[in-house]
Amino acid sequence: MVFKALADPTRRLLLDRLREHNGQTLRELCARLDMTRQSATQHLDLLGEANLVTVLRRGRERLHYLNPMPIHDIEERWISGFDMPRLHTISAIRHHAEESAMSNDQQSIPTYVYVTYIQASAEQVWQALTDADLTARYWGHANISDWQPGSPWEHRRVDGSGAVDVVGSVLEAEPPTRLVITFDDSPESSTPGGPSVVTFLVEPHLDIIRLTVTHENLPNSEMLSGISQGWPAVLANLKSLLETGEVLPQAPWEMVQPHG
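Using our numbering, the first residue of the sequence shown is number 22, and each one after it goes up by one.
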């Protein structure tokens, strides 16, 4: 399904536009691509069936987000075991050249969205997100709070040091389906736009859950790069814990950066 969705150049162009500016409405996509709403809807439906695009509702609007998970799976299966070190070197050279060619104007950082499916109940997923002991098992940090709107929370190491790597506050809490928190990994320095915001959306369907993690108001591309590697690793460990009772044999975030 993923290869079929990617085979069409129009659908690839839609994904490119979402990569450039994530979270667009159908009208915005049609305006940028000079495409009819009916044609864009058909292409977006196919991308949604392939799990390459996910749709979130904001009031009356439907916002479309690029979901990197299927492409990440293809990368792991078809690329990482063969020629990843060389490809990463080439990619680093290309990115450096592109950054050098860009102006010094402040670039907007896109919102990051990740979707995964878990065989569990909504209550189990909520507990995994908010229970300090469970987060310590699959994240290597204990997320500590009473999870009431307005309360603080902290991301505390469990290596005995007691160090806190991330702090924030609870903006919204609607157990067991919606949790919104601020996420500040450098509280000692002020960010002009304020801390980033993470939304966990837990959507049950029969015996499975669709968990959507939206990370927005990112301060810079470095943080976007970091969370783009970190969230898939953390959520893979969470999924393993809920479905098997055990986390993955090795910490998945240790595999994020290939060596070569």
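Think of the CB as a built atom: it goes at the ideal place given N, C-alpha and C, for glycine as much as any other residue.
| request: Check the Cβ-Cβ distances between glutamate 70 and every residue of chain C, and say whether any is below 8 Å. | output: Within the model displayed, chain C is absent; a lone protein chain is all it includes.
| query | Taking buried to mean at least 16 other C-beta atoms within 10 Å of its own C-beta, is methionine 22 buried or exposed? | reply | It counts as exposed.
| said: Could you tell me the alpha carbon to alpha carbon distance between threonine 46 and isoleucine 139, rounded to whole angstroms? | reply: Looking at the backbone, the Cα of threonine 46 and that of isoleucine 139 are separated by about 27 Å.
| C-alpha distance - aspartate 29 paired with asparagine 43, whole-angstrom precision | Looking at the two C-alpha atoms, the distance is approximately 20 Å.
| query | Applying the criterion that 16 or more other CB atoms from any shown protein chain within 10 Å of the CB defines a buried residue, is glycine 183 buried or exposed? | reply | By the neighbour-count rule (16 or more Cβ atoms within 10 Å), glycine 183 is not buried but exposed.
| query | For proline 170, which option in Leu200, Ala153, Asp186 has the closest C-alpha, if you only look at C-alpha atoms? | reply | Among Leu200, Ala153, Asp186, the Cα nearest to that of proline 170 is on Leu200.
| What residue range is occupied by the uninterrupted beta strand (DSSP E) comprising asparagine 164? | Per DSSP, asparagine 164 is one residue of the beta strand (DSSP E) stretching across 162-165.
| message | Tell me which residues share the same chain as proline 91 and place their Cβ nearer than 7 Å to its Cβ, disregarding the 5 neighbours each side in the sequence. | response | So the qualifying residues of the chain are Val23, Ala71, Asn72, Leu73.
| query | Got a sec, what are the start and stop residues for the alpha helix (DSSP H) alanine 194 sits in? | reply | First-last for alanine 194: 185-195, but that is the beta strand (DSSP E), not the alpha helix (DSSP H).
| Meets three-Cβ-pair contact criterion under 8 Å: the segment 160-175 and the segment 211-223 | As far as the Cβ criterion goes, the segment 160-175 does not touch the segment 211-223, which means the pair count is below three.
| Beta-carbon proximity check, leucine 36 vs tyrosine 133, cutoff 8 Å | No, Cβ-Cβ distance for leucine 36 and tyrosine 133 is not below 8 Å.
| task | Starting from the Cα of alanine 254, find the closest Cα among Ser242, Gln271, Val185, Leu67 and give me that residue. | result | If we check each option's Cα against that of alanine 254, Gln271 comes out closest.
| request: Could you tell me whether the Cβ atoms of tyrosine 86 and valine 234 are closer together than 8 Å? | output: Taking the C-beta atoms as reference points, valine 234 is found no nearer than 8 Å to tyrosine 86.
| task | Please state if the CB of isoleucine 202 and the CB of alanine 143 are separated by a distance shorter than 8 Å. | result | The Cβ atoms of alanine 143 and isoleucine 202 lie no closer than 8 Å to each other.
| threonine 75 burial status per 10 Å Cβ neighbour count (16 or more: buried) | Per the 10 Å Cβ criterion, buried.
| task | Give the range of the alpha helix (DSSP H) segment to which serine 242 is assigned. | result | Here the alpha helix (DSSP H) through serine 242 covers 242-265.
| Pick from Ser249, Gln59, Thr137, Asp186 that is closest to leucine 222, judged by C-alpha positions | Leucine 222 has its Cα closest to that of Thr137, out of Ser249, Gln59, Thr137, Asp186.
| said: Here's the rule: buried if 16 or more other CB atoms are within 10 angstroms of the residue's CB, otherwise exposed. What is alanine 52? | reply: Looking at its Cβ environment, which holds fewer than 16 other Cβ atoms inside 10 Å, alanine 52 is exposed.
| Would a C-beta distance cut-off of 8 Å place serine 190 and serine 207 closer than the cut-off? | Going by C-beta atoms, serine 190 is not nearer than 8 Å to serine 207.
| Per-residue burial, arginine 32 [other beta carbons within 10 Å of its own, 16 or more giving buried] | Under the 10 Å beta carbon count, arginine 32 is surrounded by 16 or more other beta carbons and is classified as buried.
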